[in-house]
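Structure record follows, encoded as structure tokens.
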Amino acid sequence: GKEAAAGHLLQRLPSFAAAATLAMLLAMTLATAISIRSINQSQSDLRFEELVDTVSLEVDAEFNKSLSELAAIRGFLEATEYVTPSQFSTFASALERENWSVHALGFIKKVDGEDTADFNAMMSKQLNDEFALDSGGYRDFYLPVAFTYPEAFGILNPGEDLLFHPRYTPLMDQAELEQRIVASPPVPSASNPHDQAVVLVFTPIFEQSDEPTVTPVLRGFGTGVYRVADFLAGPVDR
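Throughout the sequence shown, residue numbering follows our numbering, covering 85 to 322 in sequence.
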């Protein structure tokens with residue numbers, strides 16, 4: 085009986101070997117497939133990360149290029165002690181002839197309470213109409229839009245006091261505190277609600293001082309109105 089059982093086992097050994105070999109091959113195939121999938125996934129993730137980095141750099145470049153007009157306006161305003169509307173318009177129009185990518189540029193002037201008469205006279209002449217800052221009571225200072233180029237009514241209205249604007253005042257406070265450019269979230273174009281959304285970018289303007297330890301004195305804010313889609317058009321096309 086033992087001999088018969090041994091003979092039966094010997095007959096089945098090739099089947100066991102074949103099954104074991106098949107199982108091993110299946111395991112190796114599955115492991116290889118998993119490894120290949122893992123490698124492909126890693127390469128895909130890497131390519132995606134590289135794409136994100138590339139697009140991010142392109143968008144940053146578009147922002148930096150577009151903000152060049154605002155940087156130029158900031159330098160002009162900080163270098164000139166007193167700027168008239170005609171001087172601002174002349175400088176901005178010169179920028180427009182170069183690589184103009186901004187929808188409008190403006191200057192929000194910090195007007196001290198004792199200087200409102202001069203500002204009112206300047207605005208009355210600019211608007212060809214009698215103008216007066218609406219104080220609602222005496223204030224230490226105001227933040228009216230002094231002038232824009234070109235006119236951007238509905239977005240930046242000349243003479244509009246932004247001292248207590250619910251959306252823009254906190255952004256200007258942040259720009260002054262951190263001494264850097266700050267942008268608003270996208271908002272509908274007030275002059276044309278069906279047009280693409282815009283952002284307002286604020287850059288603080290300080291009086292020049294030779295004393296680096298002296299707290300900078302705010303003169304106002306340079307501001308630019310930019311179309312959101314313009315920032316993204318180049319990278320998206322590419």
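Don't be surprised by glycine CBs; every beta carbon is placed ideally from N, CA and C.
- Two segments are said to touch when three or more pairs of C-beta atoms, one from each, lie closer than 8 Å; by this definition the stretch 117-127 does not touch the stretch 152-162.
- Two segments are said to touch when three or more pairs of C-beta atoms, one from each, lie closer than 8 Å; by this definition the stretch 221-231 touches the stretch 164-173.
- Between Leu217 and Leu246, the C-beta gap is not smaller than 9 Å, which leaves the two residues out of contact.
- The three-state reading of DSSP puts Asp202 in helix, counting H, G and I together.
- Between the stretch 175-192 and the stretch 295-308 there are three or more C-beta pairs closer than 8 Å, enough to call the two in contact.
- Pro288 counts as buried, since no fewer than 16 other beta carbons sit within 10 angstroms of its beta carbon.
- C-alpha of Ala201 to C-alpha of Glu133: approximately 57 Å in a straight line.
- Asp196 carries a strand assignment under DSSP once its states are collapsed to helix, strand and coil.
- Beta-bridge pairing by DSSP links Val282 to Val271, Arg311.
- Distance from the CA atom of Ile239 to the CA atom of Phe203, rounded to whole angstroms, is 21 Å.
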